[in-house]
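Enquirer:
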Amino acid sequence: MTPHAVDTFEDGVLEVSQRAGSANGTTNGINDVNERQPHSNGVANGHHNRRSYATSLKSQYVLPTAADELHDLVCVGFGPASLAVAVAIHDALEAGQLATAPRVLFLEKQGHFAWHAGMLLPGAKMQISFIKDMASLRDPRSNFTFLNYLHRHGRLVEFTNLGTFLPARNEYEDYLRWCAGHFDDVVSYGSEVLSVHPQQGAAASASGGPLDSLVPRLTLGQPSIPRVLPAASPKVVHSSQYAHLVPRILTNTSAPYRVAVVGAGQSAAEIFSNIQMLYPNSRTWMVMRSEFLKPSDDSPFVNSIFNPEFVDSLYPRSAQDRRHLISSAKATNYGVVRLELIEKLYELMYDQRRELGTDERQWPHRIMGGRRVLCCEPTKAGDRLRLRVKAAPPSELEVEENGEDAAPPLPDADLDHHHQEEVEEFEADLVIAATGYKRDAHVDMLQSLWPYLPEQKEHARAAASGLAKPAKPVLDSWEVRPPTASSEENSQAPVKSLEVGRDYRVQFSPGSVAAGSGVWLQGCCEGTHGLSDTLLSILSTRSGDLINSMFGPAN
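Read the sequence shown against the UniProt record's numbering and you will find it ends at 555, with the numbers running on by one and no gaps.
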């Protein structure tokens, strides 16, 4: 790759930047599932009043680059993580911390800035303090703090009177759009990166080359829908599209619609509750492998794992230690629900038991814990989907908001007699999959860089010892195979290792990439950098670290 070429990913989205001397890239891994999903007491209507911000907001420091010039930094995705990078560049230039202004470009697949627009339910609250905004933890004097946003909009005193650190989710999204409005000149909306191809001979001193193709196409942070659900069916909707699509599909709010929600986390619980308010005559099912709804742990000691300095403590540890620690803290974010919503849903279940009896099949709203979907297929008439649901053995992995696939089901012989008989069928007008996101699209996008990646250690050891297959990849890397080889050739080709350093930079083979060039990942590095990597908690400080890694004195 030529000198000064940078790539970044947001929410698993690759961001690529390039320049005739140095390159820097980052990613926006803010999926939020992520930062713990908000609690909702409202009704979804699929609409959100979006405020357009005047052009006078444009940054005076982060300026557009001429079309015929190469860029120092290209970020694919312009969600919160890439927005935080833009803010950090602005603040660094304003403070005189960068000698020259980097030439940057942000590529965003959406037509405008939006953050979880499909889950902006009325009454939804943020689950992290507003202090963890785009700038405060890095520089509380920045113009891009949430408090300055309130001040600029004349609501600072009134917000203070609320006595909360947790703004409404709609308001926080408006804050993010206010920040994003400063950088419209350097964002190309409606664009996505398909792949990154180094060009040979583009620079005499480099073995790689500039970005070869930017092709509009959906790439990273893809919704994860369990294989058992017919994802192509218009009657299956991912939670990320809930507020947009459901009102268009279920148009009569008085109709007795039948809706199944698959998932066990905050989004699933919110949608299960919201459907009942939006459609008071509906029947709803919440199907989850977890036996019970579990509360999120937001106690202060546990929440220290989201502190910026925790990354410095976690990264040097062994993969096994990191895996154990991250697993022990899953209750902070994955497959969990805010206690207030759990209590509300329990009260609903209790009222049904009191009024309708103990036979849950007679209840209009059911939480079916400890179940797995055996099949989901159209009815003969084709107007509904028929689901068969069966008790799931405890040993099976849960399909929750982390989007993990379920383990293969155990044979019926391994279930007790009661569970073997517990199979139910029901029909649904709509199935909503609140099952998280896939976070591996960056591997496909970077496949063309396979020649520049180091050979995977496990594969090399296996080849030396004569073993047929390498050991299972560890937590802190991804397997990458040649992009064009046949299946037979692939089986013989060495497996390359896609790993990242503490500064989120992809580790290329020594000497294969020019100094200062690189690819940086955001939102893909939970295994090495902790649970906060996909969340909002450390965006402001991480963006500062990234800018220093890309454009600091060492580069």
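We put the CB at the ideal spot given by N, CA and C, even for glycine.
Could you tell me which residues DSSP pairs with A428 in its beta bridges?
Expert: For the purposes of this step, residue 428 is taken as residue 428 along the sequence shown, with counting starting at 1. In the DSSP output, where bridge partners are listed per residue, A428 has L385.
Enquirer: Assuming contact is defined by CB atoms lying nearer than 8 angstroms, are L430 and I249 in contact in what I supplied?
Expert: Taking the first residue of the sequence shown as 1, we reach residue 430 at position 430. Taking the first residue of the sequence shown as 1, we reach residue 249 at position 249. Going by C-beta atoms, L430 is nearer than 8 angstroms to I249.
Enquirer: From the DSSP output, in three-state form, read off H71 for me.
Expert: Locating residue 71 in the sequence shown gives position 71, where the first residue counts as 1. DSSP places H71 in coil when its eight states are reduced to three.
Enquirer: Roughly how many angstroms separate the alpha carbons of A66 and V104, rounded to a whole number?
Expert: Indexing the sequence shown from 1 puts residue 66 at position 66. Indexing the sequence shown from 1 puts residue 104 at position 104. One C-alpha to the other measures close to 11 angstroms.
Enquirer: Sort P308, G369, S517 by Cα distance to S290 and report the nearest one.
Expert: Your numbering for residue 290 matches position 290 in the sequence shown. Residue G369 is the option with its Cα nearest to S290.
Enquirer: Is it true that the CB of S254 sits closer than 8 angstroms to the CB of N281?
Expert: What you label residue 281 is simply residue 281 of the sequence shown in a count that begins at 1. What you label residue 254 is simply residue 254 of the sequence shown in a count that begins at 1. Yes, these two residues count as a Cβ contact at 8 angstroms.
Enquirer: Could you have a look at G369 and say whether DSSP puts it in helix, strand or coil?
Expert: Counting from one through the sequence shown, the residue named residue 369 turns up at place 369. Of the three classes helix, strand and coil, the one that applies to G369 here is coil, per DSSP.
Enquirer: Please list, in chain order, all residues of the same chain as K109 whose beta carbon is under 6 angstroms from its beta carbon, the five residues on each side excluded.
Expert: In the sequence shown, counting from the first residue as 1, residue 109 sits at position 109. Taken in chain order, the residues that qualify are E192.
Enquirer: Can you tell me whether DSSP reads C179 as helix, strand or coil?
Expert: Residue mapping note: residue 179 aligns to position 179 of the sequence shown, counting from 1. Residue state, collapsed to three classes: helix.
Enquirer: Less than 8 angstroms separating the beta-carbons of R269 and K294?
Expert: Here the question's residue 269 lines up with position 269 in the sequence shown. Here the question's residue 294 lines up with position 294 in the sequence shown. Reading off the sequence, residue 269 comes out as Ala, not Arg. Taking 8 angstroms as the Cβ cut-off, A269 and K294 do not qualify as a contacting pair.
Enquirer: Quick check on D545 - is its C-beta less than 8 angstroms from some C-beta in chain D?
Expert: No chain D is part of this structure, which consists of one protein chain only.
Enquirer: If we require 3 or more residues per run, which beta strand (DSSP E) segments fall completely within the region 336-363?
Expert: Counting only runs of 3 or more, we get nothing.
Enquirer: Please identify the residue among A117, C376, W178 whose C-alpha is closest to the C-alpha of V262.
Expert: What you label residue 262 is simply residue 262 of the sequence shown in a count that begins at 1. Checking every option, the nearest Cα to that of V262 belongs to C376.
Enquirer: I'd like the list of long-range same chain contacts for G118, defined as Cβ closer than 6 angstroms, with 5 residues on each side in sequence excluded.
Expert: Translated into positions along the sequence shown, residue 118 becomes position 118. Answer for G118: S240, Q241, Y242, A243, H244, listed in chain order.
Enquirer: Ends of the beta strand (DSSP E) at Y279?
Expert: By one-based count along the sequence shown, residue 279 stands at place 279. Element bounds for Y279: n/a, residue is neither H nor E.
Enquirer: Buried or exposed: D359, going by 16 or more other Cβ atoms within 10 Å of its Cβ?
Expert: Your numbering for residue 359 matches position 359 in the sequence shown. Exposed, because fewer than 16 other Cβ atoms sit within 10 Å of the Cβ of D359.
Enquirer: Would the region 516-531 count as touching the region 498-506 if we require 3 or more Cβ pairs under 8 angstroms?
Expert: Touching, yes, given that three or more Cβ pairs across the two stretches are closer than 8 angstroms.
Enquirer: Please list the segments of the alpha helix (DSSP H) lying wholly inside the region 500-538, counting only runs of 4 or more residues, in order along the chain.
Expert: With a minimum length of 4 residues, the continuous alpha helix (DSSP H) runs that stay inside the region 500-538 are 526-529.
Enquirer: Quick check on Y334: does DSSP put it in helix, strand or coil?
Expert: In the sequence shown, the residue the question calls residue 334 occupies position 334. DSSP places Y334 in coil when its eight states are reduced to three.
Enquirer: How far does the alpha helix (DSSP H) with S313 in it extend, from its first residue to its last?
Expert: Your numbering for residue 313 matches position 313 in the sequence shown. 310-314 is the extent of the alpha helix (DSSP H) around S313.
Enquirer: State whether the region 305-316 contacts the region 228-238, with contact taken as three or more CB pairs (one from each stretch) at a distance under 8 angstroms.
Expert: Segments in contact, no.
Enquirer: What is the DSSP secondary structure of M119, counted as helix, strand or coil?
Expert: Here residue 119 corresponds to residue number 119 of the sequence shown, with the count starting at 1. Here M119 sits in helix by DSSP.
Enquirer: If you run the structure through DSSP and keep just helix, strand and coil, what is D405?
Expert: Counting from 1 along the sequence shown, the entry for residue 405 is found at position 405. Only weak support is given to the placement of D405: the predicted model assigns it a pLDDT of 39, under 50, and the question is left unresolved by the model.
Enquirer: Among the residues of its own chain, which have a CB less than 6 angstroms from the CB of S129, if the five just before and after it don't count?
Expert: Translated into the one-based positions of the sequence shown, residue 129 becomes position 129. So the list reads F165, once near-sequence residues are dropped.
Enquirer: The alpha helix (DSSP H) that contains E422, what's its start and end?
Expert: The sequence position of residue 422 within the sequence shown is 422, counting from 1. Unbroken run through E422: none, as it is neither H nor E.
Enquirer: How many Å lie between D545 and M286 at the Cα?
Expert: Indexing the sequence shown from 1 puts residue 545 at position 545. Indexing the sequence shown from 1 puts residue 286 at position 286. The alpha-carbon atoms of D545 and M286 are separated by roughly 42 angstroms.
Enquirer: Measure how close the beta-carbons of Y452 and V513 come, nearest whole angstrom, since I'm counting them as under 8 angstroms.
Expert: Position 452 of the sequence shown holds residue 452. Position 513 of the sequence shown holds residue 513. Their Cβ separation, rounded to whole angstroms, is 6 angstroms, which keeps Y452 and V513 in contact under 8 angstroms.
Enquirer: Mind checking which residues open and close the beta strand (DSSP E) that includes V193?
Expert: For the purposes of this step, residue 193 is taken as the residue at position 193 of the sequence shown. Per DSSP, V193 belongs to no beta strand (DSSP E) and is neither H nor E.
Enquirer: By the three-class DSSP mapping on this structure, what secondary structure does L107 have?
Expert: Here residue 107 refers to the residue found at position 107 of the sequence shown. Strand at L107.
Enquirer: Which whole runs of the beta strand (DSSP E) in the region 220-308 are 3 residues long or more, in chain order?
Expert: Within the region 220-308, the complete beta strand (DSSP E) runs of at least 3 residues are 236-238, 258-262, 283-287.
Enquirer: By Cβ distance below 8 angstroms, which residues in the same chain neighbour T362 in space, the five residues on each side in sequence not counted?
Expert: Position 362 of the sequence shown, counting from 1, holds the residue named residue 362. Residue identity differs from the one stated: residue 362 is Gln in this sequence, not Thr. Excluding sequence neighbours, Q362 sits near L356.
Enquirer: Take E340 as the anchor and find which of Q266, F78, A392 has the nearest alpha-carbon.
Expert: Mapped onto the sequence shown, residue 340 falls at position 340. Here the closest residue by C-alpha is Q266.
Enquirer: If I'm right that L107 touches V85 with Cβ under 8 angstroms, what's the distance once you round it to whole angstroms?
Expert: Here residue 107 refers to the residue found at position 107 of the sequence shown. Here residue 85 refers to the residue found at position 85 of the sequence shown. Actually they are not in contact, since the Cβ atoms of L107 and V85 sit about 13 angstroms apart, beyond 8 angstroms.
Enquirer: DSSP beta-bridge partners for E377?
Expert: To locate residue 377, count along the sequence shown from 1; it is residue 377. DSSP lists R386 as partners of E377.
Enquirer: How far does the alpha helix (DSSP H) with S129 in it extend, from its first residue to its last?
Expert: As a position in the sequence shown, residue 129 is number 129, starting the count at 1. No alpha helix (DSSP H) holds S129; DSSP gives it neither H nor E.
Enquirer: Rounding to the nearest angstrom, what Cα-Cα distance links P102 and S313 in this structure?
Expert: Along the sequence shown, read from residue 1 onward, the residue named residue 102 stands at position 102. Along the sequence shown, read from residue 1 onward, the residue named residue 313 stands at position 313. The straight-line gap from Cα to Cα measures roughly 31 angstroms.
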